[in-house]
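Participant: My questions will all concern the structure given below.
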Amino acid sequence: MIIIYKYSTEHDITLFAPQETWVVEKQILKSRSINTPWLGKQIQGRVLELDF
Numbered sequence: 001m002i003i004i005y006k007y008s009t010e011h012d013i014t015l016f017a018p019q020e021t022w023v024v025e026k027q028i029l030k031s032r033s034i035n036t037p038w039l040g041k042q043i044q045g046r047v048l049e050l051d052f
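Read in order, the letters of the sequence shown are residues 1 to 52 in our numbering.
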């Protein structure tokens with residue numbers, strides 16, 4: 001896990017797992033739009049948490 005700290009940004013702390021893999025699914029998208037070329041694809045690396 002990598003912890004990224006940036007002062008005075010939208011999110012000050014980001015927890016990122018570069019080795020974690022996951023599949024992009026319509027149910028987990030935060031946008032109302034689902035037109036993404038990544039839908040159904042396996043991706044490596046995932047943001048676990050954003051802290052303000």
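Where is the CB? At the ideal position from N, CA and C, for every residue including glycine. Quick caveat: nothing in here was measured; it's all calculated off a predicted structure.
Just the Cα atoms here: how many angstroms apart are threonine 42 and glutamate 20?
Facilitator: Stepping through the sequence shown from its first residue, residue 42 is reached at position 42. Stepping through the sequence shown from its first residue, residue 20 is reached at position 20. It is glutamine, not threonine, that sits at residue 42 in the sequence shown. Distance between the alpha carbons of glutamine 42 and glutamate 20 is about 10 Å.
Participant: Output the distance between the C-alpha atoms of valine 23 and valine 47, rounded to the nearest integer angstrom.
Facilitator: Counting from 1 along the sequence shown, the entry for residue 23 is found at position 23. Counting from 1 along the sequence shown, the entry for residue 47 is found at position 47. Approximately 13 Å between the Cα atoms of the pair.
Participant: Would you mind stating whether leucine 50 and threonine 14 have Cβ atoms separated by less than 8 Å?
Facilitator: In the sequence shown, counting from the first residue as 1, residue 50 sits at position 50. In the sequence shown, counting from the first residue as 1, residue 14 sits at position 14. Yes, the Cβ-Cβ distance between leucine 50 and threonine 14 is below 8 Å.
Participant: For the beta strand (DSSP E) holding proline 75, just list the boundary residues, first then last.
Facilitator: Outside the modelled stretch of the chain, which goes from 1 to 52, sits residue 75, for which no answer is possible.
Participant: May I ask you to report which of helix, strand or coil DSSP gives isoleucine 34?
Facilitator: On the sequence shown, position 34 is the one that residue 34 refers to. Isoleucine 34: coil per DSSP, three-state reduction.
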